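Visitor: These protein sequence lines map, in sequence, to chains A and B. Just so we're on the same page, our numbering is the position in the first sequence counted from 1, plus 10. Just so we're on the same page, our numbering is the position in the second sequence counted from 1, plus 63. Where is the CB? At the ideal position from N, CA and C, for every residue including glycine. Bear in mind that the values here come from a model prediction, so they are computed numbers and not experimental data.
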Amino acid sequence: MPSADSAVASPMGSRRRIHTLAFDDPSRALAAVRALRADGFEVDDVHTPYAVHGMDEALGLPETRLGLATLAGGLLGAGVAFGFQFWTHAVDWPLVIGGKSPLALPAQIPVSFELTILFAAFATVGTFLARRRLFPRIAVTPPSQPGPGVTDDRFVVLVVERDAGFRPARLRELARELGPVETVEGWRVM
Amino acid sequence: MSAGAEHVEELILGNPTFSQVTNEIASPMERRPGPAWWGAFLTAVSVLTLGVVLIGYTMATGIGVWGLNRTVGWGYDITNFVFWVGIGHAGTLISAILLLFRQRWRTSIARAAEGMTIFAVLCAAIFPLIHMGRPWLAFWVFPYPNTRGPISVNFRSPLLWDVFAISTYFTVSLLFWYVGLIPDLATMRDRSTGWRRRIYAFLALGWDGGTRTWQRYEKACVLLAGLATPLVVSVHTIVSFDFATSVIPGWHTTIFPPYFVAGAVFSGFAMVITLLLVTRKVLGLERYITASHFEKMARVLLTTGMIVGFAYATELCIALYSGNRYERFTFENRAFGPYAWAYWTMVACNVLVPQVFWWARARRSALVLFVAACLVNVGMWFERFNIIVTSLHRDYLPSSWSYYTPTLVEMGILLGSFGLFFTCFLLFVRFAPVVAFHEVKLTLSEQRETAHAVR
């Protein structure tokens, strides 16, 4: 691989050089991410077969706010359920059943509770799938996945050359010390 | 047990490599099914067909082909409904509640238990549907704009609460199960070819295993577990409201919600044990579903069995202490009346049988576990039968007392629901990983780290 061109980001703009370091051990991948970041490299992502704990902190990812979607869904569900029961029983067609007031709040709690859970669950999963762009696909291989091994036993660290200051020689030197089972350099349209 | 073994409990035996985990769990789906699977599948489908035919016969002829009478209006149908809903509860307990409590042993068995939940709720849903007599009009139970007013459904009826509880429970369980499956479907996508690969790819939603996705994924799972936990408690609570909010002696008790939930977990764990003992043997998953898993489930069985036994005792005590003669009569009648045989079958199976699990040797013996779990299933079916039928058959007017005997049609439909359950489960073990790859790999890596730290 010639090293002269790799110091500069691709002139095509959208096409960038990527370096992947594949490990067979989660702790090595974790150590690699920490070492690369400590050395000033920007690690784009790490693809793993399971949720390696501590990897999000090592990558410096902020805490997810997915819980807000759950809360919003739950509030919406509770509102819809209480509102609808109130409307049908007390506004649209008031019925006196067993001498109770048309707005018998305790009797509305079970249905409201269930709909709160239902809406919150859909909001959580829907938001998660939409934000991570997960949807049914015809294409068999996701373009963002660095090889099929990451759903089996490979922990792949992905480094992208983003600017002219990138030091490929230093990266290769570091990679040798970190002991990946495989390193690949390639191009990716970002 | 050596000193080290107390700290490092091996949940996955023999320290396999990650790719070994993938291969071993995926292999039952990739090889052609053997005679054992085909035998079981054809039996299940035959029994299911019998059930479908008998349901068709009931619909064509009328509910008169069942043994119900004017006094006993709820018999096998509602008994089976409560039984199957209860079976489902163990799956949610294992997948959601044990996730919140960070019980690592759940990872190997959660997927199968969640599958069991969905199939059991499916079986449960059949019974109210056919019990209402005209299943093609079942949509009437949901509120929708109609030409009858439009008047809406009665939101104050516990039976309507049940419609919402069961449909929410089914939907959320399915959602939770599918979210759990996504990374594993991606694993299957990456190792299969041809049309199987296309189907797995379609269902895996383009999963790429990136850390951002995993971070949100784990959060989503914890949030869903947090939602499923109160949901599962609410579902059997609401099922118990079907009875508890009525004024029938034997039904009208405040103890019902906790009593039903404990009973549901009890029967569900019995079914998980029964299913997994067979599954792990047939699929060769002894490394992942170990004696230690069964030992823990046996402890749950013992605990919930005693809660249920305590509830039986409380019921009797309150019936005696309340001074209500109708209440007292109902319980005397339950224990010593015409249905005494059903009552004592229940007590023997649910209270006495689990006591065997005080002994560690019983908790580790596959044979004892299997027999005891089957007996608990029988006992828990009889619990619902007792609650429903013995409370109804002798009401306030002795002139209307009667005895309910199920017909062969009802028995056939119950059998048919087992056929549906096992058909679904057998298809599931063929097409989806019965043990979660990603969760087992996480457990495995933690197990290695702990082992390393202790050494």
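Going along the chain, which residues of its own chain have a beta-carbon closer than 7 Å to the beta-carbon of A267(B), five neighbours each way excluded?
Guide: The residues are I245, L248, A249, R252.
Visitor: Tell me L31(A)'s beta-bridge partners as DSSP assigns them.
Guide: V167(A), T193(A), per the DSSP bridge assignment.
Visitor: Can you tell me the Cα-Cα spacing of P112(A) and Q95(A), whole angstroms?
Guide: When rounded, the distance between both Cα atoms is 10 Å.
Visitor: Mind checking if K504(B) is an interface residue toward chain A, Cβ cutoff 8 Å exclusive?
Guide: With 8 Å as the cut-off, K504(B) counts as an interface residue toward chain A.
Visitor: When DSSP labels each residue in this structure, what does C487(B) get in the three-state scheme?
Guide: Helix at C487(B).
Visitor: Would you report the Cα separation of L181(A) and E187(A), rounded to the nearest angstrom?
Guide: Their Cα atoms are separated by approximately 10 Å.
Visitor: Would you identify the three-state DSSP class for V298(B), choosing helix, strand or coil?
Guide: In the structure shown, V298(B) sits in a helix (DSSP, three-state: H, G or I).
Visitor: Just the C-alpha distance for V76(A) and H501(B), rounded to the nearest angstrom, thanks.
Guide: Going by the sequence as given, residue 76(A) is Leu instead of Val. Computed Cα separation, rounded: 21 Å.
Visitor: So which residues on chain A does T215(B) lean against when the C-beta distance must stay under 9 Å?
Guide: It should be noted that the sequence gives Ser, not Thr, for residue 215(B). By Cβ distance, chain A contributes F94, Q95, W97, T98, H99, D102, W103.
Visitor: Helix, strand or coil: how does DSSP classify V56(A) here?
Guide: Of the three classes helix, strand and coil, the one that applies to V56(A) here is strand, per DSSP.
Visitor: In terms of DSSP beta bridges, what is G257(B) paired with?
Guide: Its beta-bridge partners do not exist; DSSP assigns none.
Visitor: Express the C-alpha separation of L460(B) and A117(A) in angstroms, rounding to a whole number.
Guide: When rounded, the distance between both Cα atoms is 30 Å.
Visitor: When you compare only the Cα positions, how much space is there between T137(A) and I160(B)?
Guide: Between T137(A) and I160(B), the C-alpha separation is close to 23 Å.
Visitor: For a cutoff of 8 Å on Cβ pairs, would you count V160(A) as touching chain B?
Guide: Answer yes: the Cβ-Cβ gap between V160(A) and chain B drops below 8 Å somewhere.
Visitor: With DSSP as the reference, identify every bridge partner of V199(A), one or two as the case may be.
Guide: Bridge partners of V199(A): R25(A).
Visitor: Using 10 angstroms around the beta-carbon of E390(B), count the other beta-carbons present and answer buried if the total reaches 16, otherwise exposed.
Guide: The residue is buried, with at least 16 neighbouring Cβ atoms inside 10 Å.
Visitor: Using the Cβ count rule (16 or more neighbours within 10 Å means buried), how would you classify M11(A)?
Guide: For M11(A), the pLDDT reaches just 39, beneath the cut-off of 50, and the residue's location in the model is therefore unreliable, leaving the point undetermined.
Visitor: Cβ of Q166(B) less than 8 Å from any chain A Cβ?
Guide: Closer than 8 Å: no.
Visitor: Just to confirm the assignment, what range does the alpha helix (DSSP H) spanning Y322(B) have?
Guide: 319-346 is the span of the alpha helix (DSSP H), which, as asked, contains Y322(B).
Visitor: Looking at the structure shown, is G83(A) part of a helix, part of a strand, or coil, going by DSSP?
Guide: Note: G83(A) maps to helix in three-state DSSP.
Visitor: Give the C-beta separation of A327(B) and H194(B) to the nearest angstrom, bearing in mind that I take them to be a contact with Cβ-Cβ under 8 Å.
Guide: Not really, about 20 Å apart at Cβ, beyond 8 Å.
Visitor: Assign E446(B) to one of two classes, buried (16 or more other C-beta atoms within 10 Å of its C-beta) or exposed (fewer than that).
Guide: Under this definition E446(B) is a buried residue.
Visitor: Assuming F132(A) and G83(A) make a contact with CB atoms under 8 Å, what is their CB distance in whole Å?
Guide: That belief holds up - the Cβ atoms of F132(A) and G83(A) are roughly 6 Å apart, short of 8 Å.
Visitor: For G313(B) and D102(A), what's the separation of their Cα atoms in angstroms?
Guide: Straight-line Cα distance between these residues: approximately 37 Å.
Visitor: Using the three-state DSSP reduction, which class does G136(B) fall into: helix, strand or coil?
Guide: Looking at G136(B) - three-state DSSP - the assignment turns out to be coil, as it is neither helix nor strand.
Visitor: I believe Q510(B) touches I75(B) by the beta-carbon criterion, under 8 Å. Please report the beta-carbon distance rounded to the nearest angstrom.
Guide: The pair is a contact, with the Cβ atoms about 6 Å apart (cut-off 8 Å).
Visitor: Threshold first: 4 residues or longer. Then list the alpha helix (DSSP H) segments lying entirely within the segment 420-495 of chain B, N to C.
Guide: Counting whole runs of 4 or more residues, the segment 420-495 of chain B contains the alpha helix (DSSP H) stretches 423-426, 429-448, 471-494.
Visitor: Run through chain A and tell me which residues come within less than 8 Å of F227(B), C-beta to C-beta.
Guide: By Cβ distance, chain A contributes P120, V121, E124, L125.
Visitor: Between the Cα of L85(A) and those of S122(A), R177(A), F165(A), G70(A), spot the shortest distance and give me the residue it belongs to.
Guide: For L85(A), the nearest C-alpha among the options comes from S122(A).
Visitor: Could you check whether the Cβ of V53(A) sits closer than 7 Å to any heavy atom belonging to the ligand ATP?
Guide: Although the ligand ATP was asked about, the structure shown includes no ligands whatsoever.
Visitor: Let's see if you can read the secondary structure: which residues bound the alpha helix (DSSP H) around L113(A)?
Guide: Careful: L113(A) lies outside any alpha helix (DSSP H) and carries neither H nor E.
Visitor: Should I88(B) and I352(B) be called a contact, given that it needs their Cβ atoms to be closer than 8 Å?
Guide: Taking 8 Å as the Cβ cut-off, I88(B) and I352(B) do not qualify as a contacting pair.
Visitor: Tell me which same chain residues have a C-beta within less than 7 Å of the C-beta of A19(A), skipping the five on either side of it?
Guide: For A19(A), the predicted structure reports a pLDDT of 44, less than 50, and the residue's modelled location is therefore unreliable. A value from the coordinates is still provided. Within the same chain, A19(A) has close Cβ partners R26, E171, R172, D173, A174.
Visitor: Closest by CA to G64(A), which one among T74(A), L139(A), I148(A), L40(A)?
Guide: Taking only the C-alpha atoms, the option nearest G64(A) is L40(A).
Visitor: So which of Y466(B), Y375(B), A99(B) has the shortest CA-CA distance to L131(B)?
Guide: When each option's Cα is compared against that of L131(B), the closest is Y466(B).
Visitor: Figure out for me which residue from A307(B), F164(B), R275(B), S463(B) has the closest Cα to the Cα of S220(B).
Guide: Of the listed residues, the one whose Cα sits closest to S220(B) is A307(B).
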